[in-house]
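Engineer: Following this message is one structure expressed as structure tokens.
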Amino acid sequence: MKKSELEVLEGMRLFSSFSEEVAKEFFRLFRRRSLKKGEVLFHEGEEGDTFYILLSGDVSIEKQLDKEGKKLRKLAVLKKGDYFGEMAVLEGQPRFAQARAIAPAEVIELGRDGLMRFIDAHPREGAAMLIEIILVMLRRLRHTSDDLMAAHNFMEVLAKYNQRRC
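19 is the number of the first residue of the sequence shown in the numbering used here; add one for each residue after it.
Printed below as a string of structure tokens:
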């Protein structure tokens, strides 16, 4: 792993409780992967047991709006240092959305088994990391709730407008 990439990882809140030795041990568990622009890393509905950290490039998280997967809604654009795939890893459920590179990207990936072995070996660091993951998931949930409320309010305004026209 390049020094600049290690600095990205070491600077993440996710790893703030790690000593240098523990961080090096943890980062050795990851596998590197390169993505071309437009390449899909995983599809919605696939079984997922891998967690990703974006080292460079941009990745779009997208939700299908139709059964064919031709209409997609962008949920988020992730940048260097962001992580994703944690829901499938923690839940053991199929992927909620797809991840697609919108620019050439480099990610590192870690499977559920490696993550759980690390947590077993380093419970203090593992607990701190899981708390940070939960906090990020809660922020994402709050953002989604805000979007839902905005859509609900728009629908109420539209309904009132339609009532006046009739």
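For each residue, glycine too, the CB sits at the ideal point set by N, CA and C. Bear in mind that the values here come from a model prediction, so they are computed numbers and not experimental data.
Excluding the five sequence neighbours on either side, which residues of its own chain have a C-beta within less than 7 Å of the C-beta of lysine 92, listed in chain order?
Structural biologist: Working through the sequence shown from its first residue, we reach residue 92 at position 74. Contacts found: Ser78, Glu80.
Engineer: State the DSSP-derived secondary structure class of proline 141, mapped to helix, strand or coil.
Structural biologist: Locating residue 141 in the sequence shown gives position 123, where the first residue counts as 1. It is helical.
Engineer: Straight-line CA distance for proline 141 to methionine 147?
Structural biologist: Sequence index remark: in the sequence shown, residue 141 carries index 123 (1-based). Sequence index remark: in the sequence shown, residue 147 carries index 129 (1-based). Looking at the two C-alpha atoms, the distance is approximately 10 Å.
Engineer: Is it buried or exposed, lysine 172, if we count other Cβ atoms within 10 angstroms and call 16 or more buried?
Structural biologist: Taking the first residue of the sequence shown as position 1, residue 172 is located at position 154. For the record, residue 172 in the displayed sequence is phenylalanine; it is not lysine. Looking at its Cβ environment, which holds fewer than 16 other Cβ atoms inside 10 Å, phenylalanine 172 is exposed.
Engineer: Is the CB-CB distance between valine 107 and aspartate 67 below 8 Å?
Structural biologist: Locating residue 107 in the sequence shown gives position 89, where the first residue counts as 1. Locating residue 67 in the sequence shown gives position 49, where the first residue counts as 1. It is a contact, given that the beta carbons lie within the stated cut-off.
Engineer: Check whether the region 25-34 and the region 97-112 are in contact - that is, three or more C-beta pairs closer than 8 Å.
Structural biologist: Verdict: yes, contact present.
Engineer: What are the start and end residues of the alpha helix (DSSP H) that includes lysine 42?
Structural biologist: Residue 42 sits at position 24 when you count from the first residue of the sequence shown. Looking at the DSSP string, the run of the alpha helix (DSSP H) that includes lysine 42 is 38-45.
Engineer: In this structure, how does DSSP classify glycine 132 when only helix, strand and coil are distinguished?
Structural biologist: In the sequence shown, the residue the question calls residue 132 occupies position 114. Glycine 132: helix per DSSP, three-state reduction.
Engineer: Would you please state the rounded distance, in angstroms, between the beta carbons of serine 35 and glutamate 124? I believe it to be under 8 Å.
Structural biologist: Counting from one through the sequence shown, the residue named residue 35 turns up at place 17. Counting from one through the sequence shown, the residue named residue 124 turns up at place 106. About 25 Å separates the two Cβ atoms, so there is no contact after all.
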